[in-house]
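What follows is a set of notes on a single structure, which appears directly below.
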Amino acid sequence: MRGNPHMEILDLHRKYGPILRISPNEVSFNDLDASGIIYGPTSKFEKSEYFYRPFEDQAPNLFTIRDRQNHSQDKRLISYAFSKANILQYEASIHDKAVYLMNRISERVKSGQVIPLFPAFRCMTLDTISEFAFGRSTGGLQLEEFESTIFDAIDKANHSVVFFQHFPILRELLRWANYYSLSTVPNGFLELGRAADAGFQQMHATDTWTMFKNMISSAKKKSIELKKEHLLSEAILMFVAGTDTTAAALAITLHHLLQQPEAYQRLQDEVRTVIPTLESRPSFQDLDPLPFLDACIKEGLRISCPSRFRLPRTVSDGGWNFKGHYLPPGTIVSLSPLYFLQEESIFPSPMTYNPARCLSIIEQKIVLSMFVRRFNPKHVLNKSIEIREAITVTIDDPLDVQLDITSD
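This is the structure in structure tokens:
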């Protein structure tokens, strides 16, 4: 199955309006008020099983758990590991990986080789999330052509999910194939599970702090049993979510910057105020106040929208009356953050990368609201929102390396 379904649905919304039936039992919305009702903290709509079940392999994980109580418990066990303090303790490691990648890119530039931006950033984010989760990186940055077997497994898993959503019986057949060890049947989830299992074995052999050690420790304190299948499922989620979305945002942002010399130069000039030499090691606190750097990142998140799933929900008992329309119980409803990030009334010429637009506080908050939580952007305009990620990776890119864009 090919194509760009999210953009196609958005085009249909532009043609037919904000409420659109996209299947016999699913209605898509392009409406800010609907977003708050469907995904807000008080929403009574549960995750739709047809969409989330295919993402599960051995057990549910934070992304797929449908029971609210179990989801809240799982979220509490994981969330502390992603606190700003815990992320920033990996700041030096992230910086070292960024420098290593930039050195590799410099070598390829000198030898006239094409720079595969997405695979290169993919290796960096894979090494980052594997070290954060298990205490040891996978060594992706050392791969000659930035090609990892884990990427192949992620791609297989991602491509298979769409088939499983439309033909659930295929998912069950694949599970039976795994049970009987039919290795000729390609299974990205099985390969990711093996990589996760290897990560846990390495983790138990080290004394360093890791995300999963923290999760296991928190569970023990609360007398919560974490089965191996659950941990493996969470690890698969970390591989997929922690690698591709960040890599896509970085690659697309840099790709656009390289095509805009004035913006690129402006970013270089601003960054040099805290990174005067290539040997400089700026902290998050040094980088956080830089307004144009911040704008470049937010505009990169907006135009790339790496997480653009519809994330369907099911209308609860009693149905739902919305702006003159009645949706009976069991109706599937959905929308994508892409629709708002491509809204021309908020972002004129939305397909154009324009960092200057994100110097506006209002537009910054609208962009961040699409990624921080799934609710109505109107609700966040008067709230303070910060990016809690270490962003040093983007900093080394504009300093000294000049690249040529090669289109396929």
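Residue numbers for the sequence shown follow the UniProt record's numbering, so the first one is 1 and each next one is one higher.
Glycine included, every Cβ here is placed at the ideal spot set by N, Cα and C.
As the structure is a prediction and not an experimental result, all values here were calculated from the model.
Beta-carbon proximity list for residue i, same chain, < 8 Å, skipping 5 on both sides
i: D155; result: G188
i: P328; result: V315 and G319
i: E344; result: P350
i: Q69; result: none
i: F375; result: For F375, the predicted structure reports a pLDDT of 39, less than 50, and the residue's modelled location is therefore unreliable. A value from the coordinates is still provided. If we look at F375 and ignore the five residues flanking it on each side, its Cβ neighbours are S35, G36, Y39, G40, P41 and S369.
i: C123; result: L101, G140, L141, L143, F146 and S148
i: P168; result: Y50, R53 and P54
i: H13; result: L20, S28, N30 and Y339
Residue i, buried or exposed, once every other Cβ within 10 Å from all chains shown has been counted against 16
i: F151; result: buried
i: Q113; result: exposed
i: M352; result: Here residue 352 turns out to be Thr, not Met, going by the sequence shown. Classification of T352: exposed, given that the 10 Å Cβ count is below 16.
i: N321; result: exposed
i: R357; result: buried
i: L192; result: buried
i: G17; result: exposed
i: Q58; result: buried
i: T138; result: buried
i: P60; result: buried
i: K378; result: Bear in mind that the predicted position of K378 carries a pLDDT of just 43, short of 50, making it too unreliable to give a figure here.
i: T246; result: buried
i: S23; result: exposed
i: P282; result: buried
i: H159; result: exposed
i: G242; result: buried
i: S72; result: exposed
Simplified DSSP state of residue i, which is helix, strand or coil
i: R194; result: helix
i: V114; result: coil
i: L32; result: helix
i: I19; result: strand
i: L399; result: Residue confidence is low: L399 scores 35 on pLDDT, short of 50, so the model does not pin down where it sits. No coordinate-derived value is stated.
i: E279; result: coil
i: R76; result: helix
i: L335; result: coil
i: L293; result: helix
i: V271; result: helix
i: N86; result: helix
i: H159; result: helix
i: L311; result: coil
i: L226; result: coil
i: N70; result: helix
i: E46; result: strand
i: H204; result: coil
i: L327; result: strand
i: F322; result: strand
i: E56; result: coil
Cβ-based neighbour list, residue i, same chain, cut-off 7 Å, excluding 5 preceding and 5 following
i: H325; result: I19
i: residue 419; result: Only positions 1 to 408 of the chain appear in the structure, and residue 419 is not among them; the question remains open.
i: A249; result: G300, L301, S304 and P306
i: M203; result: F134, G135, T210, F212 and K213
Contact belief for residue i with residue j at Cβ below 8 Å, rounded distance in angstroms
i: F132; j: M211; result: 5 Å
i: I252; j: N25; result: Not really, about 34 Å apart at Cβ, beyond 8 Å.
i: F347; j: L341; result: 7 Å
i: E56; j: S233; result: 7 Å
Check whether residue i and residue j have beta carbons under 9 Å apart
i: L293; j: N30; result: no
i: E46; j: S316; result: yes
i: R313; j: H6; result: no
i: L101; j: F121; result: yes
i: Y52; j: T42; result: no
i: T149; j: D244; result: no
i: E262; j: P291; result: no
i: I224; j: L77; result: yes
i: A196; j: F239; result: yes
i: Y80; j: S280; result: no
i: L62; j: K44; result: no
i: L231; j: F200; result: yes
Cβ-based neighbour list, residue i, same chain, cut-off 6 Å, excluding 5 preceding and 5 following
i: R373; result: Legend: pLDDT at R373 = 44, less than 50; position of this residue unreliable, value from coordinates given subsequently. There are no such residues.
i: R21; result: V27
i: L54; result: Going by the sequence as given, residue 54 is Pro instead of Leu. Contacts found: V161, F164, Q165 and R171.
i: A295; result: P355, C358 and L359
i: R194; result: none
CB contact below 9 Å: residue i versus chain B
i: Y16; result: Any reference to chain B falls outside this structure, which holds one protein chain only.
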